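Asker:
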Amino acid sequence: MKRTPKPVTAEENSNAKKYWRSAEQLSNSPEFRRWLESEYPEGAAELELMKDSLSRRKFLTIMGASLALAGLSACRRPVEKIVPYVKQPEEVVPGIANYYATTMPFGLSAYGVLVKSNEGRPTKVEGNEKHPSSAGGTNTFVQASILGLYDPDRSKAVYKNGSESSFDEFVTFWRKQHLDFKANGGEGLAILTESYASPTLSRLMSEFMATYPKAKIAVYEAVSDENIFNGIQLATGELLQPIYDFSKAKVILALDADCFLRESENVMNARGFADGRRVESGKDQMNRLYVVESTFSVTGGMADHRLKLQSCLIGAFTAALALELNAQGVNVPAADALGNYATHPFDKKWISAVAKDLIQNRGASLVVAGRHQSAEVHALVTAINSALMNVGTTVSYRPIKDAAVPSRKSLVALVEDINAGKISTLLILGGNPVYDAPVDLNVESALKKVKTTIHWGLYRDETAQLTTWHIPATHYLEQWGDAISVNGTISPIQPLIAPLYKGKSNIELLNIINTGLEESGYTCVRQTWKQRIGELGFEENWKKALHEGVLTMVNDTKPITLNSEALSQAMQQNPFSTKAPNVSSLEFVFLPSESTFDGRFANNAWLQELPGAVTKLAWDNAALMSLKTAKELGLKGESVYAPEGDRTHLNDMDREVVKLTVQGRELEMPVWIVPGQADYSITLPLGYGRKAAGSVGNDIGFNCYTLRTLNGMDIQNGTAEPTGKHYILATTQNQGSLDGRESIVIEGTLDQYLKQPDFVKEKLIKYEEVKLFERPYKHDEGHQWGMTIDLNACIGCNACAIACQSENNIPVVGKEQTRKGRQMHWIRIDRYFAGDFETPEMVYQPVACQQCENAPCEQVCPVAATAHTEDGINAMVYNRCVGTRYCANNCPYKVRRFNYFNYVTDNPVWNGNVPETVKMAMNPDVTVRFRGVMEKCNYCYQRIAGARINAKNQGREIADGEIKTACEQSCPTQAIVFGDINDPNSKVSQMKRQKRNYDLLAELNVKPRTSYLAKLRNPNPELEQNAIG
Amino acid sequence: METATLKQEHHNGHHHVYVPEPELINGKPTFNTITEVICGVPEGKMPRLWWILFGISFAFMAMYLAVIGYLIWKGIGIWGNNTTVGWAWDITNFVWWVGIGHAGTLISAVLFLFRQKWRTSINRFSEAMTIFAVICAGMFPLIHMGRIWHAYWFLPLPNSMQMWVNFRSPLMWDVFAISTYLSVSIMFWYVGLIPDLATMRDRAKPGIRKTLLGLFSLGWRGGNRQWRHYERAYTILAGLSTPLVLSVHTIVSFDFATSIIPGWHTTIFPPYFVAGAIFSGFAMVMTLVIITYWMFPQVKQIINERHIDNMNKIIMVTGMMVGYAYGCEFFIAWYSGNPYEASIFMKRATGPYWWAYWSMITCNVIIPQVFWIKSMRTNLTVSFIVSIFVNIGMWFERFVITVTSLSQDYLPSSWKYFNPTIYDVACFVGSIGLFMTLFLLFLRYMPMVAMSEVKGVLPHANPHHPDHALNKHGRGHETHQVEKVAELATKNGGH
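First to last, the sequence lines map onto chains Y and R.
Read in order, the letters of the first sequence correspond to residues 1 to 1029 in this note's numbering.
Read in order, the letters of the second sequence correspond to residues 10001 to 10495 in this note's numbering.
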């Protein structure tokens, strides 16, 4: 609802009388005109009026206006005038959303997305099926970006030396600088940028270098694929980006690589992996995944064989594997240059079996290493993939063009230049180096040495607060731009909304830096594209690209030639460490957080509240370690995964605090025990402990960058000691194991499945179907909605949880409420560990309302607030609910969520009202629930209703696949299938006919509409005895 | 073993017993001394202890009301309930109070129908307690609602919104069960009060008190016809109330028993809940009687060791009944072969809530065993301590059932521990404050003992009503209890 504009204020018309009498007078105010033109007027006009000192007249004005309105306000709600479209834009039908294709740039990656727009207000992000990096799926960051757009803590003004200024002032300032630097060739000018892959930015950057040839450019990313590029360069002599095709790989070895969540291109990787694993009949084949890693990752959870190994030994392990491959007859280049890694007590049998498997599947195998492994590891991995003839099939390489490739060295060089006094003007184009640069570089003090520093970013963050100038950035949903995906496909970034907070895009800013002239991003991008695709038929191509979200699908990969000599040299010069860490010399591994990544999403409440994929921790990070490590450090090792029989583990969230020390730098943070973590290896998630993230993200968690030095950006040696202190952590899952309940997550091996496709039946609890009364619903007419979740495809990435939150206006509740067990997520990803504590396996099970046909919740509601619809949905009637919580108690799946507080006006995250802008991210098709009512998943009923109306208008039936629930749509692995179970040909019916299909807690005779497909593992028979399956 | 009582005659098919039962009332009271003792309390000044207790109780009640106000203003979130444990102290308190409210009907109605004449000394007491306990109980389901302002949706009121209640929900049944119980209890209590109110009216000086007493005594003059009607009404009400003793707590137990949550879904619940209710109700009567002793020692004459002894026997028996139920639950959990059921019972005893479970066992099963010893049964200090333990133990029983079952149900991922907040405690303590305030006001303004009925069991009472006489039962064990009684019994030709 649009708010009434404020009347003419005193500042604007100081001599005039301070009140207004007619609407005409009001409409003549510049405020009103601006409001008419802009999409979104500034809210809280009344409050602003109140801010001025209250004169008697103003008091009377307000009182008079209040009295005038009082006559209208006989209803409960505050009066907010709405203004309809006088001239309705052609493409906008009120109430019907439009979708626009755009691209979310993320470092060197680009996620093609479709964004839902309700009357000019973007509300939901979906993957673009036509884009190679998303293929219709998304990850949590993409899903949560919509909230980032509306973040009220985003920077709203240009700042100069800490006080508000204007962009015009900056332009004036820069024009002078521009002339000076142009004259001296850019002497003393430097740019520190975050990485990007964009034709337009790249063009502007070349122009920058042309204008200021002596200027310096540094590219820094706290978390990047730099090591991967360096490694490939080491092996091939070229700057190449790897593109993995997991779908073609039959055997995959992931070396400390969380390909499906933390690494680049996780959406595509996960999709490919799941595609190579889909089992529909007894004839299907499955890929096999081996994972060697230090901390449990979602990739490790999917592994058929997982070996825990400290990250610092991965290099030696890779070398041992190369030697084994060599021994088994595959000539790995540079293998002869490798030392005697075989002496290290790696599991010989394991390596030999993996090597054999890789060789047997030559050309259809894949070895990947994590981005925090050294360049040498990646060089060797490239050599192994090449030797296994995987290049061109499962992995291919593309020259990196039109991109800013992150380079830690360039940052070091820049800081050296600054410290030498060579830089007088520094433009920081995105990024937050004060927070995330290596701590021993001391960027903070370096910045102070630069005369003029200019920061461009979404927030007035740690860096922005120290710079001379700060320019607010536009969100990607507010700007024109372009991006290049990993396979070279160019996709446009088009704005869904005018900038909310006077932001400028990096393109616009860089253009001013180059020319001193303002030019719109639109023009800049079109200019680049005209150069690329030519003027001929440009408009047509441009329109098509904007419509499709991609310019053209390209695949400019190239074959590689290995430089064995350089490789051998590198292997000899930098031999891999074989020194295993121990209790007095621990290994610290820095990994990006699953929630805040490198800290950039720290102010995103959805992501903060999202439980970690493995730890299920929300609103905090913690030092992850194994129980053995904790005990040897002298800690008690309290854990929610404690062995059975522990009486108090459901309660105790007080975690011991440990002091971590790296080269004299100390950090105290709480310990979180993770089963399956390599001993003496402590994982430190980055991206927390921000000081200037915004009202949501400030002082959440612990800043591990304070231990991250240049020589230990990825893996660091250090010590830890108990402090005797405690810290309260919030987890959403207090019980780690299934407690022997095998029928909940059913798992088997491929062999088992091939021999006995209905093996699931044996694991289910037998029960007799008892009928006490006739079922009130026949469920055999019309559409009957149902869902399947393939546990074999679910990787536990949490994308569905955020998608659901975005689609269904699910509130965030903050750490304290999460700790109390009141998180509101309608779909949760249950994570269970099985097997022994040291080498467990991990399984995921997404659980939302199962839409029981015989719903126990419906029976107990005294006021019939939850009832069945004809199409089989267990509907929740919010405005009928009186809040007895009986339904939630009687729900065996515990999927009902109660509004313990009014999370709109009394939200613990914002200490009160949810900010107006955050409300703009809400889906207008879904009610916002009041305090005291129950809520839960309803299969995105608004989407069902929308499709039904649509189909009816067009006089046809709803087609299968036409309705996708938010979780289904976001799922990168397509694990969730929704559809009409009354239609035998629908996808969901086909899924339900599979032998792996089972109902969760079927023995309760609740007849859930959601069913699960049993998980399969494909262990190597040679390793069967220590298979984790 | 029947003691030879002086059976006089049969009339209208009833036993009419002109039994001097001197052991029921200590000393040799006349009608007048009974009246003096009982009416003396509301007519006289309240002792210092009354004021102290009233001050404390009133303060707690005020706090309770304030917390309820805050609860309604802010939301249920001020309590510790969470997604997994949707009901915690709220429903625990509700069931606990309903249970306590059971002794009243049992003593008034069932013991009346069974002609247990010892009940006359304590029935007023326990009826009052019942009403107050049911009021306390009824508040919890109300305030535990997320949107209390829609509480009237619980009532099947025809309306224009096309809304109707769900009669399949046990909470709906609760609404009827509790409201029926409350109204019948109030009726029963009031009918019993009429002759006594008239007595007080006659003693009162003219003024507002006399007017009010006159109003509420409904013109009682003590005439034969009035007595006859009164006795009829009383008997009918007793008959009506008797099924309620079984039904109310049975229905409350349906809240749990008809659900599908392991630990709730149990067929033993109805009898088990009823036994537990009687158990806790008697314990609460015991607590209140002894507190009353401290304030008004003269009452000891009327409520004496014999009553204490009888109540303790019932406490011990019902305690063993709930003990049996605890054991039976475990047996069925194992015998049914239901893995979820077995799991929750093991977890109750050994899981995160082991302390609550063993507190319950200790308080409810072990501690009342001291009542095997006669001297313990008649010792006021011991009785008081045990009654407090039983109150605590029964609260834990409700807590164990409500919270532990929810805490660890089907999917281990949802398992969650419940931690109360200060507001949970405030609501519980506050409800006790409300209860005690009402009870102390009752002592202050009402005849705490049913004078007319006590007079009826005095040795020199004439058989002046047909239905309210005492039969021959009950003296068998009485002879074992009080020496004086034994002596008298021997004199009267007992064994």
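We put the beta carbon where it would ideally sit given N, CA and C, even for glycine.
Treat the numbers as computed from the prediction; the structure is a model and nothing was measured.
Look up D258/Y in the DSSP assignment and say whether it is helix, strand or coil.
Answerer: coil
Asker: Around the C-beta of T10084/R, are 16 or more other C-beta atoms found within 10 angstroms, so that it is buried, or is it exposed?
Answerer: buried
Asker: I'd like the list of long-range same chain contacts for V674/Y, defined as Cβ closer than 6 angstroms, with 5 residues on each side in sequence excluded.
Answerer: Excluding positions up to five away in sequence, the list reads F296 and L624.
Asker: Return the first residue and the last residue of the alpha helix (DSSP H) that F170/Y is part of.
Answerer: F167 to N184
Asker: For a contact defined as C-beta to C-beta under 7 angstroms, what are the partners of P10368/R on chain Y?
Answerer: Within 7 angstroms of the CB of P10368/R, no CB atom of chain Y is found; the nearest one sits about 27 angstroms away.
Asker: Put S163/Y into one of helix, strand or coil per three-state DSSP.
Answerer: S163/Y: strand per DSSP, three-state reduction.
Asker: Applying the 10 Å Cβ sphere with the 16-neighbour rule, what's the burial state of T552/Y?
Answerer: exposed
Asker: Assign M50/Y to one of three DSSP states: helix, strand, or coil.
Answerer: Below a pLDDT of 50, predicted positions are generally treated as unreliable, and M50/Y, at 49, falls in that range; the measurement from the model is reported next regardless. DSSP places M50/Y in helix when its eight states are reduced to three.
Asker: For chain R, check one thing: does any of its Cβ atoms lie closer than 9 angstroms to the Cβ of P856/Y?
Answerer: yes
Asker: In the region 451-485 of chain Y, which residues sit with their C-beta less than 8 angstroms from some C-beta in chain A, listed in chain order?
Answerer: Protein chains Y and R are contained in the structure displayed, whereas chain A is not.
Asker: Who are the Cβ neighbours of E10329/R in its own chain at under 7 angstroms, not counting the five residues just before and after it?
Answerer: T10266, I10268 and F10345
Asker: Closer than 7 angstroms by beta-carbon distance: list the chain Y residues that pair up with F10154/R, in chain order.
Answerer: Residues of chain Y with a Cβ closer than 7 angstroms to the Cβ of F10154/R are, in chain order, P862 and V863.
Asker: What does A867/Y pair with, by DSSP beta-bridge criteria?
Answerer: A875/Y
Asker: Looking at chain R, is there any beta carbon in it that lies within less than 9 angstroms of the beta carbon of G612/Y?
Answerer: no
Asker: Please list, in chain order, all residues of the same chain as C971/Y whose beta carbon is under 7 angstroms from its beta carbon, the five residues on each side excluded.
Answerer: Answer for C971/Y: G137, A799 and C800, listed in chain order.
Asker: Runs of 4 residues minimum, wholly inside the region 593-625 of chain Y: which ones carry the alpha helix (DSSP H) assignment?
Answerer: 605-609
Asker: Is it buried or exposed, G10276/R, if we count other Cβ atoms within 10 angstroms and call 16 or more buried?
Answerer: buried
Asker: If you run the structure through DSSP and keep just helix, strand and coil, what is A855/Y?
Answerer: coil
Asker: Taking all protein chains shown into account, do 16 or more other C-beta atoms lie within 10 angstroms of the C-beta of V10095/R, making it buried, or fewer, making it exposed?
Answerer: buried
Asker: Could one say the Cβ of P1021/Y lies closer than 9 angstroms to chain R's Cβ atoms, at least one of them?
Answerer: no
Asker: Under 8 angstroms: do the region 10282-10299 of chain R and the region 10422-10429 of chain R share three or more Cβ pairs, one atom per stretch?
Answerer: In short, these stretches do not touch, since the Cβ pair count stays below three.
Asker: Examine the Cβ distances between the region 590-603 of chain Y and the region 675-685 of chain Y and report whether three or more of them are shorter than 8 angstroms.
Answerer: yes
Asker: Taking only beta-carbon atoms, is P675/Y less than 9 angstroms away from chain R?
Answerer: no
Asker: If you reduce the DSSP assignment to three classes, tell me which class H547/Y lands in.
Answerer: helix
Asker: List the residues of chain R whose Cβ lies closer than 9 angstroms to the Cβ of Y893/Y, in chain order.
Answerer: Y10410, L10411 and S10414
Asker: Using DSSP bridges, identify the partner residues of H305/Y.
Answerer: Y290/Y
Asker: Indicate, with yes or no, if the ligand GDP has a heavy atom lying under 8 angstroms from the CB of M10284/R.
Answerer: No copy of the ligand GDP appears in this structure; indeed no ligand is present at all.
Asker: Could you tell me whether the Cβ of V1006/Y comes closer than 9 angstroms to any Cβ of chain R?
Answerer: yes
Asker: Going by DSSP, what residue range makes up the alpha helix (DSSP H) through R10232/R?
Answerer: N10224 to A10257
Asker: In chain R, which residues lie with their C-beta within 7 angstroms of the C-beta of Q735/Y?
Answerer: Within chain R, the residues near Q735/Y are P10412, S10413 and W10415.
Asker: Apart from the five residues on each side of it in sequence, which residues of its chain come closer than 6 angstroms, Cβ to Cβ, to K132/Y?
Answerer: Position check: residue 132/Y holds Pro in this sequence, whereas Lys was assumed. The answer, listed in chain order, is S485, N487 and T489.
Asker: Under the rule that 16 or more other beta-carbon atoms within 10 Å means buried, what is F10167/R, buried or exposed?
Answerer: exposed
Asker: Is there a Cβ of chain Y sitting closer than 9 angstroms to that of L10157/R, yes or no?
Answerer: It does not; no Cβ of chain Y falls within 9 angstroms.
Asker: Distance cutoff 9 angstroms, beta carbons only. Does G10474/R sit that close to anything in chain Y?
Answerer: Confidence at G10474/R is low in this model, with a pLDDT of 40, below 50, so its placement is unreliable and the value that follows should be read with caution. No, G10474/R lies away from the interface with chain Y (no Cβ there is under 9 angstroms from its Cβ).
Asker: Out of curiosity, what's the CA-to-CA distance linking N432/Y and G457/Y?
Answerer: 8 angstroms
Asker: How is the alpha helix (DSSP H) around G237/Y delimited, first residue to last?
Answerer: Taken as a continuous stretch (DSSP letters only), G237/Y belongs to no alpha helix (DSSP H), as it is neither H nor E.
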